[in-house]
Amino acid sequence: MTVSEKPIEKGADAKLESNRKESSFVIDSDFENVVSQLAPRTDDTTTPSLTFRVWVLGTLFCVLLGVMNQLFSFRTNSFGVSSYVAVLLAYPLGVLMARTIPAVDIKLGPLGSFNLNPGPFSVKEHVLIGIFGSTGASGIYGTDNLVVQKLWYELEIGPVWSILFLFASSTLGFGISGISRKFLIRPAHMIWPSVLPSVALYSTFHSSKNEDVDSNGVEHMSRMKVFGIGALGMAVFHLLGPGFVSPLLQYLPILCWIAPASATIAQQVGSPVYGTGVLSLTLDWTTIGSGSMSIPFWSAANQFVSYLIFMWLITPLNVKGNWFNQPKPSISINSSKLMNNVGKAIGAAKLVDKSTNTIRDDIYEANRPIYLSPFFAWSYFGSMATFMAAVSHTIVWYGKDIWARFRASQHDQEEDIHCQLIDKYPEVPDTWYYAFFAITTVLTIVVCHFSGIQMVWYWCILAIIVSVVGTVPIAVVLATSGVALYMNVISEFIIGIILPGKPVVMMAFKTLGVTVSLQCLTLLSDLKLGHYMKIAPRHVFIAQVFSQVLAVFVCWGTMEGWIASEEHVQWILDNGKAEGTGATWGATGFNIFYNASLIWGAIGPIRFFFESIYSPIIIGGLIAGAVTPIIFKIGDILVGSKVIPWHLFQSPLLYTVGSPGSNQGYVLTSFLISLFFQKYMFTKHQAWWKRYNYVLATSFDVGAALLAIIITFGINDQGVTMPAWALNPQWLIDGDDPCWIE
Numbered sequence: 001m002t003v004s005e006k007p008i009e010k011g012a013d014a015k016l017e018s019n020r021k022e023s024s025f026v027i028d029s030d031f032e033n034v035v036s037q038l039a040p041r042t043d044d045t046t047t048p049s050l051t052f053r054v055w056v057l058g059t060l061f062c063v064l065l066g067v068m069n070q071l072f073s074f075r076t077n078s079f080g081v082s083s084y085v086a087v088l089l090a091y092p093l094g095v096l097m098a099r100t101i102p103a104v105d106i107k108l109g110p111l112g113s114f115n116l117n118p119g120p121f122s123v124k125e126h127v128l129i130g131i132f133g134s135t136g137a138s139g140i141y142g143t144d145n146l147v148v149q150k151l152w153y154e155l156e157i158g159p160v161w162s163i164l165f166l167f168a169s170s171t172l173g174f175g176i177s178g179i180s181r182k183f184l185i186r187p188a189h190m191i192w193p194s195v196l197p198s199v200a201l202y203s204t205f206h207s208s209k210n211e212d213v214d215s216n217g218v219e220h221m222s223r224m225k226v227f228g229i230g231a232l233g234m235a236v237f238h239l240l241g242p243g244f245v246s247p248l249l250q251y252l253p254i255l256c257w258i259a260p261a262s263a264t265i266a267q268q269v270g271s272p273v274y275g276t277g278v279l280s281l282t283l284d285w286t287t288i289g290s291g292s293m294s295i296p297f298w299s300a301a302n303q304f305v306s307y308l309i310f311m312w313l314i315t316p317l318n319v320k321g322n323w324f325n326q327p328k329p330s331i332s333i334n335s336s337k338l339m340n341n342v343g344k345a346i347g348a349a350k351l352v353d354k355s356t357n358t359i360r361d362d363i364y365e366a367n368r369p370i371y372l373s374p375f376f377a378w379s380y381f382g383s384m385a386t387f388m389a390a391v392s393h394t395i396v397w398y399g400k401d402i403w404a405r406f407r408a409s410q411h412d413q414e415e416d417i418h419c420q421l422i423d424k425y426p427e428v429p430d431t432w433y434y435a436f437f438a439i440t441t442v443l444t445i446v447v448c449h450f451s452g453i454q455m456v457w458y459w460c461i462l463a464i465i466v467s468v469v470g471t472v473p474i475a476v477v478l479a480t481s482g483v484a485l486y487m488n489v490i491s492e493f494i495i496g497i498i499l500p501g502k503p504v505v506m507m508a509f510k511t512l513g514v515t516v517s518l519q520c521l522t523l524l525s526d527l528k529l530g531h532y533m534k535i536a537p538r539h540v541f542i543a544q545v546f547s548q549v550l551a552v553f554v555c556w557g558t559m560e561g562w563i564a565s566e567e568h569v570q571w572i573l574d575n576g577k578a579e580g581t582g583a584t585w586g587a588t589g590f591n592i593f594y595n596a597s598l599i600w601g602a603i604g605p606i607r608f609f610f611e612s613i614y615s616p617i618i619i620g621g622l623i624a625g626a627v628t629p630i631i632f633k634i635g636d637i638l639v640g641s642k643v644i645p646w647h648l649f650q651s652p653l654l655y656t657v658g659s660p661g662s663n664q665g666y667v668l669t670s671f672l673i674s675l676f677f678q679k680y681m682f683t684k685h686q687a688w689w690k691r692y693n694y695v696l697a698t699s700f701d702v703g704a705a706l707l708a709i710i711i712t713f714g715i716n717d718q719g720v721t722m723p724a725w726a727l728n729p730q731w732l733i734d735g736d737d738p739c740w741i742e
């Protein structure tokens, strides 16, 4: 009897449902019920998996998505093409290869042989190709480090050291993911919402029944047709709309239209570019992205509440009351730049000695205190609170269950049908993960110590330890809410306290701290996907390692190609305030990374925060993040969830303040999209939602992304620009504020 014929254990569903109700991991039972319907509950171990088709198509999508998303990381509003593109397009290509390539055995000598066409294109091949694509789509965080070193600190460590640094930093997370998979992947209650779109698409494409005909016999439009219409429609809209012909649609500052006579409202509150974007909208999908159509609505609601409190209320009040006693600034509220004691922008060119890459104390003393924009200051409050809230929330709400997993993991495995099926395959030995972790650790120490980075070995070890400690609570939040949190600010804080005055070392420490955690989350997501789809764990491991190495070369080459252009470099340095095309390629993420290196590295958190008026930002954030989950838990115990759904108040999400420097019109727009698709359509039209929601979201990403690339390289780079007209006014071409008032 094959595994596909294996019956589900009698009573297993009812037993699991009972345990699910008692588990603190369950946040949205309705959402989990949908999950249980999406993931396959049977398996055939003879299904082809790591085949020739996987290597060809996987490599193709890893390269394409790596190039595209590395390019889009240089946008003012960072935009990423999701790996769902690989999921969707791999199917027709895989079927085509299965029909046209001859079934020929290729011998590899002592390594064995493989067949070019082992049979019909399988779901397992499809999933592995998607894992290749997700690695490329995730990008390499270390490129931020290399770009900032080169452009702002004039430190070039050369291609060999650069590639080794990217490789070492981006593969350290393998060890942690292998160790933590038992309690972050195997429990059924760790649903990983970010993985569900892929599960839905894979299950749909390879279902034995016609998914385009419902239970009532009504035929529906195929998903591939919906994908094609959505991608084409978004591409046409992006061309005729905010992407080229009508760029004014990028900014719809409703509050400015309501009260145009008030400079305070217009520029400090209503402007999505220079202010906090209250009631502002945007129709630019490269600013919005598909995230609002993938995470649960309660998660989007938590984030929106955070934006309301910090961006729409606290920051404007801060500006009006001048809480930090700032001089009249030359930078906007929504800026990631720093300014000196007379309100002038200041950067590394003045503060840092280029020969030693350390702070120039005399210049710093002459310009102190250094100020942040109000939005930037509160974003740091949110970052500190988010990290502490993730740790506190995990302990208070999930600590009991996590401990139970350690003590009785085998019992849980027997209850879950997915664990029963995946256990038919040999697991990746822990020694593989440990060996990979040890090798990459040694390589990291060598690169950081002997290259121009000059970070000694014990700081490398500390960075890794910080990542290990922070990854588990962050992974729990991602596994339950679908929202990813990051280690960037806490890593900056730790090394800045210990080693102030060294911005280059701080950036390397931060890169290691963030990348180890981020890569671990990506790997865990792939492992959960493989768990749902019954992919041999060793095949998942091989796909992850190969695609990660490939992504390093792809992202490094793309990064070098982009910054080789002097015009592109100037766009980066202008941070979205350039005229014309440069306004959309302001590289906000890289500018924030650079300014963070000045704050936490060159100046150091003690001088910048604790010896200044900003100390409440850090201390208050840490305290608020630690205490808030406890308050909600007490409320849950005393009042109960029937009166108030305390479990839906996710403290880490309530402190996601956002990033300064980008188009803040995405805040309200994203929430409205989530309200429609993840609340209304999910509740009232669930059959449609299950059939088309993720397909439509992916099609919008693809259409907008392809047009953005065509417009940038095929139109703008050829000197073609859109003339001024009603939806492309001259003031917008000149880079002025949408709420600008004379």
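Per full-length UniProt numbering, residue 1 is the first one in the sequence shown, and the count goes up by one each step. The beta carbon of each residue, even a glycine, is placed where N, CA and C say it ideally should be. Keep in mind the model is a prediction, meaning the values are calculated, not measured.
Nearest to A390 by alpha-carbon distance, out of N115, A259, G470, is G470. Beta-bridge annotation (DSSP): I346 is paired with L338. The Cβ neighbour count for N325, taken over all protein chains shown within 10 Å, is under 16; the residue is labelled exposed. The residues S336, S659, G661, in chain order, have a CB closer than 7 Å to that of I592 in the same chain once the five nearest residues on each side in sequence are set aside. No Cβ-Cβ contact shorter than 9 Å links A536 with I495.
Under a 10 Å Cβ-count criterion, Q70 is classified as buried, with 16 or more other Cβ atoms of the shown protein chains found around its own Cβ.
By DSSP's assignment, N728 forms a beta bridge with W725.
With a cutoff of 9 Å on beta-carbon distance, R53 and I101 are scored as near each other. With a contact defined as Cβ atoms closer than 8 Å, P296 and P193 qualify at about 6 Å. For N115, the beta-bridge partners assigned by DSSP are D105. No Cβ-Cβ contact shorter than 9 Å links V81 with N663. About 6 Å separates the CB atoms of F700 and G230; that is less than 8 Å, so the two are in contact. Rounded to whole angstroms, the gap between the alpha carbons of A86 and L93 is 10 Å. Within a 10 Å sphere around the beta-carbon of L232 sit fewer than 16 other beta-carbons, which makes this residue exposed.
For T358, the secondary structure class from DSSP, reduced to helix, strand or coil, is strand. V504 carries a helical assignment under DSSP once its states are collapsed to helix, strand and coil. Remark: three or more beta-carbon pairs, one from each stretch, lie closer than 8 Å, so the segment 510 to 517 and the segment 164 to 171 are flagged as touching. When rounded, the separation of the alpha-carbon atoms in M722 and M234 is 19 Å.
With a beta-carbon spacing of about 5 Å, S177 and C520 fall inside the 8 Å limit used to define contacts.
Cβ-Cβ separation between P652 and V477: approximately 5 Å, consistent with a contact (criterion under 8 Å).
Distance from the CA of D44 to the CA of P110, rounded to the nearest whole angstrom, comes to 28 Å. In the structure shown, E365 falls within a helical segment according to DSSP collapsed to helix, strand and coil. Taking a contact to require three or more Cβ pairs closer than 8 Å, the segment 438 to 449 and the segment 180 to 190 do not qualify as touching. The three-state secondary structure of L279, taken from DSSP, is coil. I258 and M311 have their C-alpha atoms roughly 19 Å apart.
Cβ-Cβ separation between A200 and K690: approximately 7 Å, consistent with a contact (criterion under 8 Å). According to DSSP, L252 shares a beta bridge with L281. Leaving aside the five residues that flank S612 on each side, the residues in its chain whose CB is nearer than 7 Å to its CB run, in chain order, P369.
Cβ-Cβ distances below 8 Å link T394 to I402, V472, P473, V476, V477 in the same chain, with the five nearest sequence neighbours on each side left out; the list follows chain order. Its chain contains R75, T76 as the residues whose beta carbon lies nearer than 7 Å to that of T584, once the 5 sequence neighbours on both sides are disregarded; these appear in chain order. About 5 Å separates the beta carbon of G270 from that of P253, a gap short enough to meet the 8 Å contact definition.
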